[in-house]
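Have a look at the structure below before the remarks.
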Amino acid sequence: MPKTTDETELRERLAELGLDLPEADVAEVLDWARRGRASVERLKGWVAEREA
Amino acid sequence: MSLVPAPDLAPGPDLSIAEAGAALRAGRLTAAGLLDAHLARIRSEQGAALHAVEVLLEETARAEAAAADAAFAEGRDLGPLHGIPVGVKALFDVAGLPTTGGSRVPAPPAAADSAVVARLRAGGAVVAATLATYEFATVGPDDTLAAPPARNPWNPAHVTGGSSSGSAAAVAGGLLRATIGTDTGGSIRSPAAFSGVVGLKPSHGRVSAAGLLPLSPSLDHAGPLAATVGDAALALDAVSEPGWRPAAGALGQGAEGLTIGYARAWLADDPMTDRSVLKALDDAASVLSLAGARIREVVPPEIERFKDAGATILAAEAMEGHRARIMAHGAAYGRAALKSLLGGLLLTAEDLALARRAAALLTAEMDETFAGIDALLTATTLAPAPKVSAFAGGRAVWTPMRTLPFNVTGHPALSLPCGFAGGLPIGAQLVARKGAEDMLCRIGHAFEMATDVALQRPPGFATA
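Note that the protein sequences, when read in sequence, are chains A and B. Add 707 to the 1-based position in the first sequence for the working numbering, that's all there is to it. Add 2 to the 1-based position in the second sequence for the working numbering, that's all there is to it.
Written out as structure tokens, the structure reads:
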């Protein structure tokens, strides 16, 4: 199964840190990272509305 | 499990800080004797089973107690904590000791005391121990770390909450009367709520973070956990930077004539809220009303935006702060802490800047919520302490709280016990305008005086 862009980026960042995590841990970190991305996307709309 | 009546006050560890201070000043108690009594509790089978203490600083503590007694003998009074044994979370630098952050990651001995420890020592306090923390103040409990997690004296099958886990367990178990913890998203207040003690997160900047192992500098706060509101107020005043109104300055003035905004919708509208918590908060509002306060419902800014802004700031700053340490010692991190930190790996500087703009907007909206009220009332956590078994193997479990908004805004917030469910404590949270810790402590103290909740002790911990 092809990797998504964010998964590829995460694996690159983990490699830069010298980390070789079990796949289950990578999946969990990716889930955390996606939740973080979703928060940022919500904030973009909310801040734009407030600052308009 | 049934609650037990509070014991008669015993000399020493069961005295409030003010009572112990009066006894010390009157020559009825010595700092050395008081320290001995606390050390006996810490070393008791019951005390040791709490795993609250990381390092017992007996040698330096004995020297500090002797110096405190000598100062009293010379007529020098160094302040409200003079001669009182205290502990600090293992995130504060203590000169000569590695600041472990509860981690296996190697740390050099600290070259100097953190600002908090320096203020405690200058104020005559006896720094008796460093205390357990979730690893680097992140997530937990993690039973895969070198030291076992701290245990909740009310029921060891349930978590203490964290990350100031040892700070809460030590106070709840009667090992120490006051401890200093840190709070980045609720790490003073949630363990205080879960463990049935008082936790006071002060205004941002009131307590110096110098020499504190940071997690997220924008959100990090240091402050006390204590057995009572009065103890917490005195402990906060002992570690505050100059220029802040004394937190203990309005104790005893009661709640009559004050207006308290009850953020009930923040609880009632959330399906995660345990009914026992909502009932305990409704009861707390009634108690404050009977004490003479006007209660009116208020609707603060939406909780979800606080979570978005706070979580983004925390994740981005924490990851950046740990980047070099992870590169050098990644394999030494606990699994739970490492995964939580890496969750911020894909956030950018632009994301962080956006979250900070959101935080500024949310702070302004929260300031507006305080128009016409003296304090805000809500819950600390939305449910009592979950079971330890839910966290087995370093698994991360979400425990819903109402604490993070006030790390984002920097308003002072006090968690105090307000009831029990199934033998586990429930915490009410009071929040005030910046710099108004005296108002928080005034209302919290009035609540304590109107109920017997603060007098309850964990079963088996009623006496020394």
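We put the beta carbon where it would ideally sit given N, CA and C, even for glycine.
query: Check each candidate in B:C443, B:P427 and B:L426 and name the one with the smallest Cα separation from B:V433.; result: B:C443
query: Would you list, in sequence order, the uninterrupted beta strand (DSSP E) runs of no fewer than 3 residues that lie entirely inside the region 53 to 103 of chain B?; result: 55 to 58 and 87 to 91
query: Any beta carbon of chain B sitting closer than 8 Å to that of A:G752?; result: no
query: Helix, strand or coil: how does DSSP classify B:R179 here?; result: coil
query: Just list the residues that DSSP pairs B:S417 with in beta bridges.; result: B:G201 and B:Q431
query: Please list the terminal residues of the continuous beta strand (DSSP E) segment that includes B:A172.; result: No beta strand (DSSP E) contains B:A172, which is instead part of the alpha helix (DSSP H) from S167 to A174.
query: Would you please verify whether the beta carbon of B:D222 is less than 8 Å from any beta carbon of chain A?; result: no
query: Keeping to the same chain, check which residues put their C-beta closer than 7 Å to that of B:P7; ignore five residues upstream and five downstream.; result: Residue placement at B:P7 is flagged as unreliable, the pLDDT there being 42, under the threshold of 50; a coordinate-derived value is accordingly withheld.
query: Taking one C-beta from the region 59 to 66 of chain B and one from the region 116 to 135 of chain B each time, how about it: are there three or more such pairs within less than 8 Å?; result: yes
query: Who are B:K389's beta bridge partners in DSSP?; result: B:H160
query: Quick one: list the residues of chain A neighbouring B:D310, beta-carbon separation under 8 Å, in chain order.; result: S746, V747, R749, L750 and W753
query: Can you list the residues of chain E that B:T314 reaches, using a CB-CB cut of under 8 Å?; result: Absence of chain E from the displayed structure is noted, the protein chains being A and B.
query: Run the CB neighbour count on B:K91, radius 10 Å, all protein chains shown included, and call it buried at 16 or more, exposed below.; result: buried
query: What distance in whole Å lies between the Cβ atoms of A:S746 and B:A313, which are believed to be in contact at a cut-off of 8 Å?; result: 6 Å
query: Taking CB distances under 8 Å as the criterion, tell me whether B:S342 reaches chain A.; result: yes
query: Helix, strand or coil for B:P407, going by three-state DSSP, please let me know.; result: helix
query: Helix, strand or coil for A:G725, going by three-state DSSP, please let me know.; result: coil
query: Measure the alpha-carbon distance for B:L227 versus B:D376 and round it to whole angstroms.; result: 23 Å
query: In the structure shown, what three-state DSSP assignment does B:P7 receive?; result: Annotation note: pLDDT 42 at B:P7 (below 50); position unreliable, coordinate value reported separately. In the structure shown, B:P7 sits in coil (DSSP, three-state: anything other than H, G, I, E or B).
query: Return the residue from the list A:R744, A:G725 and A:A755 that minimises the CA-CA distance to B:A330.; result: A:G725
query: Give me the DSSP bridge partner(s) of B:F422.; result: B:P427
query: From B:T465 to B:A229, what distance separates their C-alpha atoms?; result: Bear in mind that a pLDDT of 43 at B:T465, under 50, signals an unreliable position, so the model cannot answer this.
query: Might you give, ordered along the chain, the residues of its own chain that have their beta carbon closer than 7 Å to the beta carbon of B:K203, omitting 5 neighbours on each side?; result: D185, I190, R191, H223, G225, F408, P414 and A415
query: Would you kindly work out how many angstroms separate the C-alpha atoms of B:P460 and B:L364, rounded to a whole number?; result: 38 Å
query: Taking 7 Å as the cut-off, is the C-beta of B:S46 nearer than that to any heavy atom in the ligand COA?; result: For the structure depicted, the ligand COA is absent and the ligand set is empty, with no information on it obtainable.
query: Within the same chain, show all residues whose beta-carbon is closer than 6 Å to that of B:T275, passing over the 5 residues directly before and after it, in chain order.; result: L269 and L384
query: Interface residues of chain A around B:G142 at Cβ under 8 Å?; result: Chain A residues near B:G142: none, gap ~16 Å exceeds 8 Å.
query: Are the C-beta atoms of A:E730 and some chain B residue less than 8 Å apart?; result: no
query: Looking at the structure shown, is B:D185 part of a helix, part of a strand, or coil, going by DSSP?; result: strand
query: Can you check DSSP and say which residues form a bridge with B:G395?; result: Paired residue(s): none; B:G395 is not in a bridge.
query: Shorter than 8 Å from the beta carbon of B:D233 to some beta carbon of chain A?; result: no
query: Is the region 94 to 104 of chain B touching the region 74 to 86 of chain B, taking contact as three or more C-beta pairs under 8 Å?; result: no
query: I'd like to know if the region 106 to 124 of chain B and the region 205 to 216 of chain B are in contact, where contact means that at least 3 CB-CB pairs between them fall below 8 Å.; result: yes
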